[in-house]
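Protein chains in written order, with the working numbering: chain L, 71 to 908; chain U, 12 to 110.
Working notes, structure below.
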Amino acid sequence: MKPPSSLPNTLPRPRSELAKLKAVWHLPSGWRTITAVNNTVVGYFYIATAFLFFLLAGILGLLIRTQLAVPENTFLSQDTYNQIFTMHGTVMMFLFAVPAVEAMGILLLPQMLGARDLPFPRLGAFAFWAYFVGGLVFFSTLFFGAAPSGGWFMYPPLTGMKFSPGIGADFWLLGIGFIEISAIAGAIEIIVGVLKTRAPGMTLTRMPVFAWTMLIFAGMIVFAFPAVILATILLELERAFGWPFFIPERGGDALLWQHLFWFFGHPEVYIIFLPAAGMVSMIVPTMAGVPLVGYRLIVVALIATGFFSFGLWVHHMFTTGIPARSLGFFSAASMAVAIPSGIQVFAWIATIASGRLKLTAASLFVLGFLFVFTLGGLTGVMVAMVPFDWQAHDTYFVVAHFHYVLFGGMVFPLFAAFYYWAPAFSRRQLSERLGKWAFWLIFIGFNTAFLPMHVTGLIGMPRRVYTYPAGLGWDTLNMVSTIGAFLVAAGVLVFLVDLVRNLRLTNTDSVGNVWNAGTLEWLPNHAFGTRSVPFVNSLYPIWSTRDLARDVERGGYFLPGTATGSRETIVTSAVNAEPQYVMRVSGPGWAHLSAAVFTAAFFLLLTAKLVIIAVACGILAIASIFIWMRQSDPAPAGKAAIGGGISLPTYMSGPMSHSWWAMVVLSLVAGALYLSYVFSYLYLWTVVPDVWPRPDSLPGLPVLAVSGLAASAVALWAADRCVRLGRRGAFIGLVAVGVVALIASLAADIWSQWHAGIRPDTSGYTAMVYANAVLQAQIVAAVFCMALFAAFRAATGRVDSLRRVAFDNLALFWLFALGQGALGLLLTHGFPRMAAAL
Amino acid sequence: MTNFLARLLLPFAIWFAHFSISYGATTLLCSTGQETGVHRTVMVLATVLAVILLIATLATSVRVLKSRPDRIAAAAATGLAVIAVIWTSLPAVLLDACS
Numbered sequence: 071m072k073p074p075s076s077l078p079n080t081l082p083r084p085r086s087e088l089a090k091l092k093a094v095w096h097l098p099s100g101w102r103t104i105t106a107v108n109n110t111v112v113g114y115f116y117i118a119t120a121f122l123f124f125l126l127a128g129i130l131g132l133l134i135r136t137q138l139a140v141p142e143n144t145f146l147s148q149d150t151y152n153q154i155f156t157m158h159g160t161v162m163m164f165l166f167a168v169p170a171v172e173a174m175g176i177l178l179l180p181q182m183l184g185a186r187d188l189p190f191p192r193l194g195a196f197a198f199w200a201y202f203v204g205g206l207v208f209f210s211t212l213f214f215g216a217a218p219s220g221g222w223f224m225y226p227p228l229t230g231m232k233f234s235p236g237i238g239a240d241f242w243l244l245g246i247g248f249i250e251i252s253a254i255a256g257a258i259e260i261i262v263g264v265l266k267t268r269a270p271g272m273t274l275t276r277m278p279v280f281a282w283t284m285l286i287f288a289g290m291i292v293f294a295f296p297a298v299i300l301a302t303i304l305l306e307l308e309r310a311f312g313w314p315f316f317i318p319e320r321g322g323d324a325l326l327w328q329h330l331f332w333f334f335g336h337p338e339v340y341i342i343f344l345p346a347a348g349m350v351s352m353i354v355p356t357m358a359g360v361p362l363v364g365y366r367l368i369v370v371a372l373i374a375t376g377f378f379s380f381g382l383w384v385h386h387m388f389t390t391g392i393p394a395r396s397l398g399f400f401s402a403a404s405m406a407v408a409i410p411s412g413i414q415v416f417a418w419i420a421t422i423a424s425g426r427l428k429l430t431a432a433s434l435f436v437l438g439f440l441f442v443f444t445l446g447g448l449t450g451v452m453v454a455m456v457p458f459d460w461q462a463h464d465t466y467f468v469v470a471h472f473h474y475v476l477f478g479g480m481v482f483p484l485f486a487a488f489y490y491w492a493p494a495f496s497r498r499q500l501s502e503r504l505g506k507w508a509f510w511l512i513f514i515g516f517n518t519a520f521l522p523m524h525v526t527g528l529i530g531m532p533r534r535v536y537t538y539p540a541g542l543g544w545d546t547l548n549m550v551s552t553i554g555a556f557l558v559a560a561g562v563l564v565f566l567v568d569l570v571r572n573l574r575l576t577n578t579d580s581v582g583n584v585w586n587a588g589t590l591e592w593l594p595n596h597a598f599g600t601r602s603v604p605f606v607n608s609l610y611p612i613w614s615t616r617d618l619a620r621d622v623e624r625g626g627y628f629l630p631g632t633a634t635g636s637r638e639t640i641v642t643s644a645v646n647a648e649p650q651y652v653m654r655v656s657g658p659g660w661a662h663l664s665a666a667v668f669t670a671a672f673f674l675l676l677t678a679k680l681v682i683i684a685v686a687c688g689i690l691a692i693a694s695i696f697i698w699m700r701q702s703d704p705a706p707a708g709k710a711a712i713g714g715g716i717s718l719p720t721y722m723s724g725p726m727s728h729s730w731w732a733m734v735v736l737s738l739v740a741g742a743l744y745l746s747y748v749f750s751y752l753y754l755w756t757v758v759p760d761v762w763p764r765p766d767s768l769p770g771l772p773v774l775a776v777s778g779l780a781a782s783a784v785a786l787w788a789a790d791r792c793v794r795l796g797r798r799g800a801f802i803g804l805v806a807v808g809v810v811a812l813i814a815s816l817a818a819d820i821w822s823q824w825h826a827g828i829r830p831d832t833s834g835y836t837a838m839v840y841a842n843a844v845l846q847a848q849i850v851a852a853v854f855c856m857a858l859f860a861a862f863r864a865a866t867g868r869v870d871s872l873r874r875v876a877f878d879n880l881a882l883f884w885l886f887a888l889g890q891g892a893l894g895l896l897l898t899h900g901f902p903r904m905a906a907a908l
Numbered sequence: 012m013t014n015f016l017a018r019l020l021l022p023f024a025i026w027f028a029h030f031s032i033s034y035g036a037t038t039l040l041c042s043t044g045q046e047t048g049v050h051r052t053v054m055v056l057a058t059v060l061a062v063i064l065l066i067a068t069l070a071t072s073v074r075v076l077k078s079r080p081d082r083i084a085a086a087a088a089t090g091l092a093v094i095a096v097i098w099t100s101l102p103a104v105l106l107d108a109c110s
């Protein structure tokens with residue numbers, strides 16, 4: 071898109087225009103604030119909750135350090151200690167680190183991209199409330215002695231029913247699985263938001279690095295999180311029904327859990343680190359007063375890190391007895407990831423060197439990050455070397471290493487981000503003096519706590535022991551570490567005092583651009599983002615466009631009011647940011663909130679074995695989602711003039727539509743989940759091929775199931791034709807027939823396996839066969855609900871050849887269900903026959 | 012522009028494909044008791060093919076991309092991917108299979 075030669079809209083703007091904009095984006099007040107969906111409000115909620123979990127998990131960390139301060143301490147019992155270190159790791163990783171960076175994305179991205187809001191505000195709010203309710207209930211299990219105690223990675227057999235008979239492990243499996251689903255919802259929101267709601271002119275090469283990192287972060291969530299979701303499903307099926315996925319004596323394998331967990335767990339480190347690196351890439355140029363050195367190389371490095379991180383998972387398993395070739399393979403990949411990380415570090419140093427760094431509190435935290443993270447990276451290269459890892463594995467050396475990486479790579483940048491971005495959202499700036507105190511206390515405390523741990527580990531202290539005998543040389547080092555931990559706590563306390571004294575969140579009159587930053591989030595902002603949507607002509611538009619802030623605030627740029635009388639944002643093309651249509655976004659409501667609460671209740675009550683109430687909550691959750699969806703997909707409202715002679719449609723379906731993109735991403739999530747299953751199936755076959763049946767004990771060829779899938783595909787094709795031709799009645803009938811055929815196909819397959827005498831609790835193989843049915847049933851259930859919704863929309867005249875988003879979304883997922891169904895049949899019926907022939 | 016994004020992603024996609032195929036093939040060959048020579052041949056072939064693909068990608072990137080910074084970025088992506096492909100292949104080629 072060519073830059074406009076003059077302002078797209080004439081000035082001054084009519085007074086009523088701004089008043090109308092404000093009215094449409096009015097925020098609910100009082101207790102109704104919880105119904106708000108604006109990215110700023112949800113972002114504040116999200117960050118506050120994530121920070122609360124940081125504090126709670128930090129307190130658990132202090133309890134751990136108090137217990138370990140002296141030898142043979144009896145401050146905590148063994149079982150309590152086990153619960154506390156498990157919850158410390160779990161809460162830090164799942165309830166603080168990932169949600170915190172997701173929260174920063176939700177808060178900052180729309181402002182940074184020049185959007186009025188993210189494309190699915192209610193989905194973002196749903197993700198938050200699900201996380202909030204699920205997280206708090208999960209944490210509260212500690213107070214009832216029902217917390218998990220098997221370590222944050224929950225390895226079986228320790229976490230199997232035999233060794234962990236209570237419900238603590240179930241809380242972990244269902245609770246964390248559920249919270250991961252909430253993270254995926256947020257990731258879908260972020261991917262579509264970054265790709266489709268950037269301001270006109272903001273091509274990918276003009277997109278802030280933070281947005282790049284959030285895009286890669288969300289993409290990694292899409293491919294990594296399904297692995298752990300599958301792992302939690304399998305382990306819960308084993309615990310609840312005795313399906314032996316991880317029990318070696320029954321044809322399972324405990325290492326399968328480790329593969330699935332670390333296929334998620336290692337990318338998780340980068341999922342946490344990359345957005346933090348993005349924040350640093352935003353702060354450093356502003357504080358140094360120069361553009362970021364090597365922008366494109368940093369983007370390349372970020373993408374490389376994202377990809378490489380998926381090839382490292384086995385380096386957490388070097389001591390499990392895997393073949394030497396695998397050791398070498400993953401050791402090399404682990405070292406390779408140091409190169410893109412190094413590119414970023416050198417780019418930041420070069421930027422600092424090429425400018426004049428202002429030594430603010432934010433800058434100090436960035437410098438602290440560079441120091442601490444680099445040390446963590448160096449010890450990372452050490453543990454990537456197999457012989458060293460064999461010595462250091464499961465010792466405090468590794469504890470020190472990953473705290474340097476995670477605290478250094480994520481917590482320091484997060485504090486820097488708080489100090490840096492607070493003026494954009496608060497009436498008062500945070501105190502530089504208190505900020506510097508907080509930094510030095512945290513920095514000195516952190517290194518006092520964790521630097522000695524390298525030595526503690528190297529002289530043999532193992533992880534996860536609740537106490538140790540005196541005289542092993544660990545006493546003084548542990549005491550020093552404990553003092554350091556309390557120094558960190560003091561630093562965090564100073565930061566809290568600063569927040570209480572100075573943070574005054576606002577949507578209207580923030581302090582503003584005190585650092586003279588160049589990116590869009592520093593334009594004057596309201597509940598609706600900027601008054602008008604700017605044209606972006608460089609990486610730092612505020613630096614490159616004269617009077618940008620003034621002209622944007624006066625309404626001189628695009629969409630200075632509301633074109634349709636509702637909340638809107640401009641949707642642009644994914645790569646070149648060409649305006650495509652005006653999208654109407656949802657406002658406050660209760661449906662998404664009740665959906666989140668009931669979904670959380672469903673999972674948590676299921677854990678407590680309160681099945682009937684859980685099912686009732688599940689039904690209420692689906693009903694809430696129906697109400698929520700009913701309010702979406704508004705009818706086309708003609709064309710909207712956004713300024714500069716540009717008139718855009720107000721409705722879009724198909725590949726240009728934001729909801730189509732969201733469904734594609736959702737299908738990728740489901741695909742990643744299923745690929746994880748295929749991996750698990752093939753992995754078990756390579757480990758325990760003996761339990762795979764001979765062809766004569768297999769069910770016959772799945773003719774019925776294949777026919778069901780074929781009939782369903784034909785019905786889908788015909789339903790699509792009916793939408794085009796406007797045949798409403800036939801459409802509803804065909805959707806019904808298609809979905810029934812899909813269900814029948816699944817039922818026929820299950821029946822054929824059962825009829826052949828295959829039972830899920832017999833062996834790893836039989837469990838895998840039925841796990842395939844479970845996964846397919848999930849997808850079919852989703853298609854069923856979506857079909858019900860599309861049929862309802864059609865019956866009420868809300869689906870036609872133009873307004874067809876409800877059907878398009880259904881069709882995409884339906885196609886996925888057909889594909890997964892066919893692949894499942896090939897795997898469970900075809901593979902054993904092929905394997906027997908080998 | 013679309014090319015730019017593709018040129019950034021493609022080299023790493025090739026690396027990932029090489030990684031997955033090499034790891035998968037190694038595991039399958041080990042589980043079916045194949046000779047070490049077969050492993051090495053598969054690994055070398057996969058690596059040579061991946062490097063050729065990467066070089067071809069770079070050649071087309073240089074031709075297709077208009078701006079110099081974009082070309083440098085594409086070259087950097089390809090370079091990183093080549094290093095990663097060769098580096099991760101080395102142990103698999105040098106070590107005995109399935110030991």
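Note that beta-carbon positions come from the ideal geometry of N, C-alpha and C, so glycine has one too.
Values in this document were obtained by computation on a predicted structure and should not be read as measured data.
- The C-beta of residue 87 (chain U) comes closer than 7 angstroms to at least one C-beta of chain L.
- Going by DSSP, residue 653 (chain L) is part of the beta strand (DSSP E) stretching over 649–654.
- Looking at the DSSP output, residue 575 (chain L) shares a beta bridge with L:496.
- Sixteen is the threshold: since fewer than 16 other Cβ atoms of the shown chains lie within 10 Å of the Cβ of residue 148 (chain L), the residue is exposed.
- Residue pairing by DSSP places residue 853 (chain L) opposite no residue, since no beta bridge is assigned to it.
- Residue 677 (chain L) sits close to residue 240 (chain L), with the two beta carbons spaced by under 7 angstroms.
- As the crow flies, the alpha-carbon of residue 570 (chain L) is around 16 angstroms from that of residue 559 (chain L).
- The beta carbon of residue 565 (chain L) sits closer than 6 angstroms to the beta carbons of 508 from its chain, once the five residues preceding and following it are set aside; these are given in chain order.
- Proximity to residue 153 (chain L) across L:741, L:369, L:127, L:753 peaks at L:127, based on C-alpha coordinates.
- Residue pairing by DSSP puts residue 596 (chain L) in a beta bridge opposite L:599.
- Beta-bridge analysis with DSSP links residue 640 (chain L) to L:652.
- Taken atom to atom, the span from the alpha-carbon of residue 663 (chain L) to that of residue 206 (chain L) is near 16 angstroms.
- Residue 813 (chain L) is outside the set of residues whose beta carbon lies under 7 angstroms from a beta carbon in chain U.
- Residue-level contact check: residue 95 (chain U) touches chain L, since one or more beta carbons of chain L fall below 7 angstroms from its beta carbon.
- Residue pairing by DSSP puts residue 719 (chain L) in a beta bridge opposite L:709.
- For residue 398 (chain L) and residue 505 (chain L), the gap between their C-alpha atoms comes out near 45 angstroms.
- Nearest C-alpha to residue 691 (chain L) among L:412, L:519, L:673, L:470: L:673.
- For residue 40 (chain U), there are no C-beta contacts with chain L under 9 angstroms, since the nearest C-beta of that chain is about 10 angstroms from it.
- For the stretch 374–395 of chain L, the beta-carbon criterion of a distance under 9 angstroms to any beta-carbon of chain U is satisfied by 374, 376, 377, 378, 380, 381, 384, 393, 394, 395.
- Assignment of alpha helix (DSSP H) within the stretch 364–441 of chain L, counting only whole runs of 4 or more residues, yields 365–378, 394–406, 408–424 in chain order.
- Rounded to the nearest angstrom, the Cβ distance from residue 477 (chain L) to residue 513 (chain L) is 11 angstroms, too far for a contact under 8 angstroms.
- For the pair residue 777 (chain L) and residue 787 (chain L), the Cα-to-Cα distance works out to about 15 angstroms.
- Secondary-structure assignment with DSSP links residue 628 (chain L) through a beta bridge to L:603.
- Flagged as an interface residue toward chain U: residue 367 (chain L), by a C-beta distance shorter than 7 angstroms.
- Remark: three or more beta-carbon pairs, one from each stretch, lie closer than 8 angstroms, so the stretch 114–133 of chain L and the stretch 159–170 of chain L are flagged as touching.
- Annotation for residue 175 (chain L): 260, 284 place their beta carbon closer than 6 angstroms to its own, counting only its chain and skipping 5 residues before and after.
- Residue 131 (chain L) sits away from residue 96 (chain L), with the two beta carbons spaced by 7 angstroms or more.
- Judged by DSSP in its simplified three-state form, residue 902 (chain L) adopts helix.
- Proximity of the stretch 180–198 of chain L to the stretch 227–242 of chain L falls short of the contact definition, fewer than three beta-carbon pairs being nearer than 8 angstroms.
- Secondary structure note for residue 791 (chain L): its alpha helix (DSSP H) is the uninterrupted segment 773–795.
- When only Cα atoms are considered, residue 445 (chain L) and residue 347 (chain L) end up about 16 angstroms apart.
- The beta carbon of residue 91 (chain U) falls within 7 angstroms of a beta carbon belonging to chain L, placing the residue at that interface.
- Closest in C-alpha terms to residue 193 (chain L), from the list L:471, L:420, L:656, comes L:656.
- Burial state of residue 428 (chain L) is exposed, judged by a 10 Å Cβ sphere holding fewer than 16 other Cβ atoms.
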